[in-house]
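A short write-up of the structure that comes next.
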Amino acid sequence: MMKLAISPAAAGLLRALLARAGVDRNRILLSNFQSTDWNSLTFSGERHEITLRIPGPDSSRVSRLLVDGLEDADFTIPGQIVADIALARAPVDLADGSIWIEIEALTVAE
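Take the position in the sequence shown, starting the count at 1, then add 487; the result is the number in our numbering.
Structure follows, in structure tokens:
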């Protein structure tokens, strides 16, 4: 099994997103996760681009649980603040019944 090398902030954000959906973790497939360092004059953190695929007959329900109110959601990630999070574009319904979701986020160190 190959392990992905992601930062603690990225791992915490992914765990928080999966928990937000309220379904078994194996119901949401991670297709892509890229993080880049981000800095301002007073803060340091990371920009994240996350692509998820939700398969299955109830993919619409799971997708809504994950994305409804995403921009206003509070996330608890030790040592991090989610300063910004949003859908990169509207969820895409795929021919196999799954839904493709792209999320962009900014985490900053506390």
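Glycine is no exception: its CB is placed at the ideal position from the N, C-alpha and C atoms.
Exposure label - residue i; buried when at least 16 CB within 10 Å
i: G499; result: buried
i: V554; result: buried
i: L504; result: buried
i: A592; result: buried
i: T563; result: exposed
i: A506; result: exposed
Within 7 Å, strictly: CB atoms of residue i and residue j
i: A533; j: A496; result: Looking at the sequence itself, residue 533 is Glu, so the reference to Ala does not match. Closer than 7 Å, so yes.
i: S585; j: I541; result: yes
i: L552; j: I515; result: no
i: V595; j: I572; result: no
C-alpha gap between residue i and residue j, whole angstroms
i: G543; j: L501; result: 20 Å
i: N513; j: R576; result: 23 Å
i: L581; j: S547; result: 11 Å
i: F530; j: I590; result: 22 Å
i: S494; j: L574; result: 21 Å
i: L525; j: E597; result: The identity of residue 525 in the sequence shown is Trp, whereas the question assumes Leu. One C-alpha to the other measures close to 14 Å.
i: A492; j: H535; result: 14 Å
i: A508; j: D545; result: 12 Å
i: P565; j: D583; result: 37 Å
Residues of its chain near residue i, where Cβ-Cβ distance is below 8 Å and the 5 sequence neighbours each way are ignored
i: S550; result: I541, P578, I586 and I588
6 Å CB neighbourhood of residue i in its chain, flanking five on each side removed
i: V510; result: V549
Should the stretch 558-570 be regarded as contacting the stretch 510-521, the criterion being three or more beta carbon pairs within less than 8 Å?
no
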